[in-house]
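Below: one structure, written as C-alpha cells.
Below you can see the structure in the form of C-alpha cells.
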C-alpha cells in the first residue's frame, strides 16, 4: 500500500479509468442537456481545474449531489465529492435571496413556527405561490412543508423524567424537519424505542446538519453548523450514548460531508451515529422484542433514498419492515425521486426534477401500495406531490404496527 | 446479518451464483463495489459451446433472449470472430461474407460507433457499403446535448422512438441486402431488437459500440432484477474490506459501509473479478488476492507478466487464484473449507477471446451445485 501513498491525490480523481459507468447512472444527465455529466464534471474536469481554475464550469450547479455516481463507480472514485468540492472552491456567483430562504432551515423554522397557521395558509395560496415563483424563482408547483405550531423539542423536554426512567438510553438528533414540520416522526420513534425499554434524550443542543447550506454555497455557515453539531454529538458519545437519527440525508451529511467537503473531523462520533432502522434492527437481532399488533395489515413499497443507498444502510430499513407481521413488502428498484433537497424547489430545476422522478413514480403507481416507506423527508414531499401516494418513514410504520402503551 | 451464502462481487458470476442459490431456496447477499464488466459486454458468451438446460433456463427465466448459432460475429472495427452463444441482438453468420451490399446507419454527432472502420472491414470481405447518418434531433424531442451523445442516453431516447428509426431506414434502403445498426436499442425492452429486424426488409445486424454496452447493461439489469425477485439482497456501492477466518473456515466478512455489522454465512463465494474490479492486485514485487490473501497461480518473475506489444496476449491476464477441482482456494497451502472462487479472478480468461462470460457462468453454476449438494 505504501506505493499508493505517493500516487494518490486527496480526492482520488486519478483512480477514474474513464469507464463511463457513472454516466449511465447519473439522473441529471438523462434529462438535462446542459449538464456535462459526472465523469466530465468530476474526475475529467478536476484534472483541468488543477492546471487552471478557469476551466471551472458553472454547469456543475446542476449536479444533484445524489451520489449515485459514487455508488456505481467500480474504482470507488468520490465523484460527487469532487464536483461539490470544486463548486465550493471555484464558484463565484453569489447565492440568491431565494437560496438563503431555502437553505436556512433552522432560521426559517424559528421564524415561521410561532405563526404556523398563518404561514401554512399563506404558502398554500396560488397567489403567494405565483409571487414566489415570479420574484424568488421558487417553483409554483411546489408546496412548502407545513410548519408545526408545537416543536418536537418542547414535547420531548416535557417528558424528560419519564424518558430518564428507562434502563437504557439513547440520544436523538431529530433535525429541522422533525422539530419544525413533522414532530409525529419523532414521537413515533420515542414510542418504538420505549416499547423496547429504551429512553430517548435530546442532545444538549443541535443545529441543522447543513446540507442545504452546502448545496446553496453557504459554506461558512455550514462549517459552523458542522463544528457545533460534532461538539454536541461528542458530549453525548462521551456519556456512552448512541445517537439515533431518522433522516438519511442528515446522517450522510454528518457522516461523510463533514470530513470530506467541510474538513470537519467527526472521527470521535462517526461510529456512534446510527439511523434508527439500523439501531432497532440490530437490537432485534440481539434478541430484543417489540409488541406487534396481531391485526396489523399493510401493503408497503420501500423506496431507497439515494443518500440511504450511499450510506449502504437501506438493507436495515428493508429487513426491519419485513420483520413486521402483517406487512406485504415490495422493494422498489432504486431510482432517484428527483427533488434532492432544495434542488427541486428551484424554478430552473422543476422540469428536470419531475422528469428524473418519473420512472420511480411509474413504479409506485404500478405496485399501488397502501403506503410508500422511505427514510428521507424530501423524497416524501416529492413522491406525495407527484403520485398522491402517502409516504411514511419506516419508523412511523413500525410505530403503527405495535400496540399502544397499556 | 446472517445468510446461507454471502457472495463477494455482483457481476455475471456473482449474480449467476446468487440466482441459482436463491432458486434452490438458499438465502444470499451479494456485496458489489460499483458496477461490473457487464457494462463492457459484447453480448457473446464465447467459451460456451452447447448451452446446458440449466444455462438456458437461467437466461429465459430472467427474460434474457439468447440464441445458439455457431459461426462468426461482426466486431466493432469490422473484423470477425468465432462465436456460438449470443444475446438475440448479436447476429451470427456461417461465414464473414454474409451479404453483398450493406447500408450502415450511424447517428450524427455520435462518436462511439465507428461506421467507417466497419465499412472498411466489410469491403475487405467483398461487400459494398454505404454509410448514412440519421439526425437524432429530428426523431426525438427534446434533443440530446453534446455531452449526452453516449450509448445509454441515445438508447433511452430510442426506446421511445425506435419505430421512427425503422421508418427512416426503410426510406433510405435501396438495393442493400443488409442493414448495420449500432447496438443502442432495447435498453429497457429486450424485444425491441427483434421487432426492428421484423420491420426492415433486409438482414439487420447490430454492431458493438464503445462502452457502456447497451445489451450488457440490459443483461445486468435483468439478472439483478431476477435475483431480487427471488429474494436476494444486493448491496450496491459497498465493499468487502476484510474477513474473519478461524480454523480454515470463513466466519464472516466485513464491509466498508456496514463496518461492525458483519455479514455471516455458512458458505462464501469470491466473485470479485480480476484487476479492473480489484479482485486481484499487484505491486512491483507480487500479484496477490487482497481480501483473503489466497494462494495464487502465477509466475513471480515480473519480466514475464506482460508483453510490451499491447495488442498481444498479456500473460498477466492469465494469472489468478489457485483452486482445487471443487473451486476451493487455499491459504499458505491449506484449503479454506467454505469458500468458493468463481469468475475472472480464477485467471486464464483471455479478454481478446471473450472467454470471461463463459467462465463466469460455468464456475458460478458449479459453485452453486457444490453448495446445495445438488448434481
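Residue numbers (the numbering used here), protein chains in the order written: chain A, 1 to 406; chain B, 407 to 781.
Ideal Cβ positions, reconstructed from N, Cα and C, are used throughout, including at glycine.
Rounded distance between the beta-carbons of residue j and residue i, thought under 8 angstroms
{"i": "residue 355 of chain A", "j": "residue 332 of chain A", "result": "The pair is not a contact, with the Cβ atoms about 18 angstroms apart (cut-off 8 angstroms)."}
{"i": "residue 773 of chain B", "j": "residue 723 of chain B", "result": "Not a contact, Cβ separation roughly 22 angstroms."}
{"i": "residue 277 of chain A", "j": "residue 320 of chain A", "result": "5 angstroms"}
{"i": "residue 179 of chain A", "j": "residue 153 of chain A", "result": "6 angstroms"}
{"i": "residue 615 of chain B", "j": "residue 518 of chain B", "result": "5 angstroms"}
{"i": "residue 262 of chain A", "j": "residue 222 of chain A", "result": "6 angstroms"}
{"i": "residue 283 of chain A", "j": "residue 138 of chain A", "result": "Rounded, the Cβ-Cβ distance is 41 angstroms, inconsistent with contact."}
{"i": "residue 540 of chain B", "j": "residue 513 of chain B", "result": "6 angstroms"}
{"i": "residue 509 of chain B", "j": "residue 579 of chain B", "result": "6 angstroms"}
{"i": "residue 505 of chain B", "j": "residue 434 of chain B", "result": "With a Cβ gap of about 46 angstroms, residue 505 of chain B and residue 434 of chain B do not count as contacting."}
{"i": "residue 275 of chain A", "j": "residue 375 of chain A", "result": "7 angstroms"}
Cut-off 6 angstroms between Cβ atoms - residues of its own chain near residue i, not counting five sequence neighbours on either side
{"i": "residue 449 of chain B", "result": "492, 493, 495, 496 and 621"}
{"i": "residue 420 of chain B", "result": "413, 436 and 677"}
{"i": "residue 704 of chain B", "result": "693 and 725"}
{"i": "residue 471 of chain B", "result": "494 and 596"}
{"i": "residue 670 of chain B", "result": "408 and 658"}
Beta-carbon neighbours of residue i, restricted to chain C and to distances below 7 angstroms
{"i": "residue 8 of chain A", "result": "Note that chain C does not occur in the displayed structure, where the protein chains are A and B."}
CA-to-CA distance, residue j to residue i, given in whole angstroms
{"i": "residue 142 of chain A", "j": "residue 133 of chain A", "result": "10 angstroms"}
{"i": "residue 566 of chain B", "j": "residue 735 of chain B", "result": "48 angstroms"}
{"i": "residue 1 of chain A", "j": "residue 63 of chain A", "result": "In this prediction, residue 1 of chain A has a pLDDT of 47, which is less than 50 and means its spatial position is unreliable; what the coordinates show is noted afterwards. So the alpha carbons of these two residues sit roughly 33 angstroms apart."}
{"i": "residue 415 of chain B", "j": "residue 73 of chain A", "result": "13 angstroms"}
{"i": "residue 324 of chain A", "j": "residue 729 of chain B", "result": "43 angstroms"}
{"i": "residue 215 of chain A", "j": "residue 196 of chain A", "result": "38 angstroms"}
{"i": "residue 229 of chain A", "j": "residue 238 of chain A", "result": "14 angstroms"}
{"i": "residue 782 of chain B", "j": "residue 469 of chain B", "result": "A query on residue 782 of chain B cannot be resolved here, the shown segment of chain B reaching from 407 to 781 and no further."}
{"i": "residue 265 of chain A", "j": "residue 473 of chain B", "result": "56 angstroms"}
{"i": "residue 68 of chain A", "j": "residue 291 of chain A", "result": "37 angstroms"}
{"i": "residue 258 of chain A", "j": "residue 233 of chain A", "result": "13 angstroms"}
{"i": "residue 242 of chain A", "j": "residue 386 of chain A", "result": "36 angstroms"}
{"i": "residue 156 of chain A", "j": "residue 393 of chain A", "result": "19 angstroms"}
{"i": "residue 329 of chain A", "j": "residue 697 of chain B", "result": "35 angstroms"}
{"i": "residue 296 of chain A", "j": "residue 403 of chain A", "result": "10 angstroms"}
{"i": "residue 219 of chain A", "j": "residue 103 of chain A", "result": "11 angstroms"}
{"i": "residue 547 of chain B", "j": "residue 560 of chain B", "result": "12 angstroms"}
{"i": "residue 610 of chain B", "j": "residue 765 of chain B", "result": "29 angstroms"}
Cβ neighbour criterion (16 or more within 10 Å) applied to residue i
{"i": "residue 85 of chain A", "result": "buried"}
{"i": "residue 150 of chain A", "result": "exposed"}
{"i": "residue 715 of chain B", "result": "exposed"}
{"i": "residue 305 of chain A", "result": "buried"}
{"i": "residue 248 of chain A", "result": "buried"}
{"i": "residue 81 of chain A", "result": "buried"}
{"i": "residue 768 of chain B", "result": "buried"}
{"i": "residue 556 of chain B", "result": "buried"}
{"i": "residue 407 of chain A", "result": "With chain A running from 1 to 406 in the structure shown, residue 407 of chain A is simply not present."}
{"i": "residue 396 of chain A", "result": "buried"}
{"i": "residue 661 of chain B", "result": "buried"}
{"i": "residue 483 of chain B", "result": "exposed"}
{"i": "residue 438 of chain B", "result": "buried"}
{"i": "residue 135 of chain A", "result": "exposed"}
{"i": "residue 193 of chain A", "result": "buried"}
Close-in-space but distant-in-sequence residues of the same chain around residue i (CB under 8 angstroms, 5 per side omitted)
{"i": "residue 34 of chain A", "result": "59 and 62"}
{"i": "residue 348 of chain A", "result": "137"}
{"i": "residue 255 of chain A", "result": "266, 270, 273 and 311"}
{"i": "residue 97 of chain A", "result": "136"}
Neighbourhood of residue i by C-beta distance below 7 angstroms, restricted to the same chain and skipping five residues each side
{"i": "residue 406 of chain A", "result": "The predicted position of residue 406 of chain A is uncertain, since its pLDDT is 47 and thus under 50; a value taken from the coordinates is nonetheless stated next. Taken in chain order, the list of residues that qualify is empty."}
{"i": "residue 120 of chain A", "result": "146 and 147"}
{"i": "residue 23 of chain A", "result": "29, 37, 38 and 39"}
{"i": "residue 429 of chain B", "result": "636"}
{"i": "residue 599 of chain B", "result": "494, 495, 591, 592 and 612"}
{"i": "residue 630 of chain B", "result": "421 and 640"}
Closer than 8 angstroms: residue i CB and nearest the ligand ATP heavy atom
{"i": "residue 537 of chain B", "result": "This structure simply doesn't include the ligand ATP, nor any ligand for that matter."}
Note to self: For a minimum of 3 consecutive residues, which ranges assigned as the beta strand (DSSP E) are wholly contained in the stretch 722-759 of chain B?
What the structure shows: 745-747
Next item on the list: Starting from the N-terminal side, write out each stretch of the alpha helix (DSSP H) that is 4 residues or longer and does not extend beyond the stretch 460-498 of chain B.
Entry: Restricting attention to alpha helix (DSSP H) runs no shorter than 4 residues, the stretch 460-498 of chain B encloses none.
Check: Can you list the beta strand (DSSP E) stretches of 3 or more residues lying completely in the stretch 495-550 of chain B, in chain order?
Finding: Whole beta strand (DSSP E) segments, 3+ residues: 507-513 and 534-540.
Check: In chain order, which continuous runs of the alpha helix (DSSP H) of length 4 or greater are located wholly inside the stretch 570-647 of chain B?
Finding: 598-605 and 620-635
Item checked: Completely contained alpha helix (DSSP H) runs for the stretch 277-345 of chain A, where each covers 4 or more residues -> Entirely contained in the stretch 277-345 of chain A, the alpha helix (DSSP H) runs reaching 4 residues are, in chain order, 306-311 and 314-323.
Check: What are the complete beta strand (DSSP E) segments, minimum 3 residues, inside the stretch 146-221 of chain A?
Finding: 168-173 and 198-202
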